[in-house]
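S.K.: Taking our numbering, the leading residue of the sequence shown gets 80, the next gets one more, and so forth. Using N, Cα and C, we set each Cβ at its ideal position, and we do this for glycine too. First, the structure itself, so that you have it in front of you.
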Amino acid sequence: MQKEKIQEYTRRISQDNRTELIVTMYDIMITYMEDARGAFNSQDNVAFKENIRAVDRVLVQLIESLNFKYQPADTLYSLYVYCREELANSMAKHDLEGFNHAKKVLCGLREGFAEAAKKDTSEPLMRNTEQIYAGMTYGKNDVNENYNASDTKRGFFV
Numbered sequence: 080m081q082k083e084k085i086q087e088y089t090r091r092i093s094q095d096n097r098t099e100l101i102v103t104m105y106d107i108m109i110t111y112m113e114d115a116r117g118a119f120n121s122q123d124n125v126a127f128k129e130n131i132r133a134v135d136r137v138l139v140q141l142i143e144s145l146n147f148k149y150q151p152a153d154t155l156y157s158l159y160v161y162c163r164e165e166l167a168n169s170m171a172k173h174d175l176e177g178f179n180h181a182k183k184v185l186c187g188l189r190e191g192f193a194e195a196a197k198k199d200t201s202e203p204l205m206r207n208t209e210q211i212y213a214g215m216t217y218g219k220n221d222v223n224e225n226y227n228a229s230d231t232k233r234g235f236f237v
């Protein structure tokens, strides 16, 4: 994953509420999947496997965060396990068939969570994070964002 993407996801995580955090995790997985496809196409087997393992680590985090008191958790668990199996098959066979199945499922789930995130008006999970200001200055390819780092008490600490 490129440094710019890592910075973008770090910024998003610091500003996300619960539902937006799940969408960000899906976006991270999809980025790793795109990197894996690129590695596969360039016949870089090591990078292909590393990126699939990165997707698997995010899937494990999603599985561990499921709350089985609520109905969708059972269905999500089954889908996550299915995706993990398909990704493992792709790694073992070194093909994209299972990979494509998993990506289709994960992209569909991401869209569902993105719709739910639009309706979630809860506050960000992290408090006292740096303020991010965007606009008025432009970089080569995007809007520059400025961070206000004057407060030393950031993150989960209050």
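Over the uninterrupted alpha helix (DSSP H) stretch that includes Tyr149, give me the two end residues.
M.R.: Reading the sequence shown from its first residue, position 70 is the one you call residue 149. Tyr149 -> no alpha helix (DSSP H), and no H or E assigned at all.
S.K.: Which residue from Gln150, Gln86 and Ile142 puts its Cα closest to that of Val160?
M.R.: Your numbering for residue 160 matches position 81 in the sequence shown. Nearest of Gln150, Gln86 and Ile142 to Val160, Cα basis: Ile142.
S.K.: Less than 7 Å between the CB of Ser144 and some heavy atom of the ligand NAD, yes or no?
M.R.: Of ligands this structure carries none, so the ligand NAD is not represented either.
S.K.: Output the boundary residues of the alpha helix (DSSP H) element that contains Thr200.
M.R.: Counting from one through the sequence shown, the residue named residue 200 turns up at place 121. No alpha helix (DSSP H) holds Thr200; DSSP gives it neither H nor E.
S.K.: Within 10 angstroms of its Cβ, does Lys182 collect 16 or more other Cβ (buried), or is it exposed?
M.R.: Within the sequence shown, numbered from 1, the residue matching residue 182 stands at position 103. Lys182 should be labelled buried.
S.K.: Pop quiz: Ala133 and Phe127 are said to be a contact at Cβ under 8 Å. What is the actual Cβ separation, rounded to whole angstroms?
M.R.: Mapped onto the sequence shown, residue 133 falls at position 54. Mapped onto the sequence shown, residue 127 falls at position 48. About 11 Å separates the two Cβ atoms, so there is no contact after all.
S.K.: Near Met104, which residues of its chain fall below 8 Å by C-beta distance, leaving aside the five closest residues on each side in sequence?
M.R.: The count along the sequence shown starts at 1 and reaches residue 104 at position 25. For Met104, where only same-chain residues beyond five positions count, the Cβ hits under 8 Å are Val137, Gln140 and Leu141.
S.K.: For Met170, collect the residues of the same chain with a Cβ closer than 6 Å to its Cβ; drop the 5 residues on either side in sequence, then sort them by chain order.
M.R.: As a working mapping, residue 170 is identified with position 91 in the sequence shown. Closer than 6 Å at Cβ, skipping near neighbours: Lys128 and Ile131.
S.K.: Could you give the C-beta distance for Ala167 and Glu99, rounded to a whole number, given that I count them as a contact under 8 Å?
M.R.: Numbered from its first residue, the sequence shown carries residue 167 at position 88. Numbered from its first residue, the sequence shown carries residue 99 at position 20. Actually they do not touch by this definition, with Cβ atoms about 29 Å apart.
S.K.: Reducing DSSP to helix, strand and coil, say where Asp23 ends up.
M.R.: Nothing can be reported for residue 23, as the shown portion of the chain is limited to 80 through 237.
S.K.: Between Leu188 and the rest of its own chain, which residues show a CB-CB distance below 8 Å, the 5 nearest in sequence each way excluded?
M.R.: Residue numbering aside, residue 188 sits at position 109 when the sequence shown is read from its first letter. Tyr105, Leu155 and Leu158, listed in sequence order.
S.K.: Check this for me: beta carbons of Met80 and Asp135, under 8 Å apart or not?
M.R.: Within the sequence shown, residue 80 is the residue found at index 1, counting from 1. Within the sequence shown, residue 135 is the residue found at index 56, counting from 1. Contact: no.
S.K.: Tell me which same chain residues have a C-beta within less than 6 Å of the C-beta of Tyr111, skipping the five on either side of it?
M.R.: The sequence position of residue 111 within the sequence shown is 32, counting from 1. So the qualifying residues of the chain are Asn130, Ala133 and Val134.
S.K.: Excluding five sequence neighbours on each side, which residues of the same chain lie with their C-beta closer than 7 Å to the C-beta of Phe192?
M.R.: Counted from its first residue, the sequence shown places residue 192 at position 113. Correct list, in chain order: Thr98, Ile101, Val102 and Tyr105.
S.K.: Assuming Ile107 and Leu185 are in contact, meaning their beta carbons sit under 8 Å apart, how far apart are those beta carbons, in whole angstroms?
M.R.: Counting from 1 along the sequence shown, the entry for residue 107 is found at position 28. Counting from 1 along the sequence shown, the entry for residue 185 is found at position 106. Actually they do not touch by this definition, with Cβ atoms about 11 Å apart.
S.K.: What number of angstroms, rounded off, separates the C-alpha of His180 from the C-alpha of Thr200?
M.R.: Numbered from 1 along the sequence shown, position 101 holds the residue referred to as residue 180. Numbered from 1 along the sequence shown, position 121 holds the residue referred to as residue 200. Distance between the alpha carbons of His180 and Thr200 is about 32 Å.
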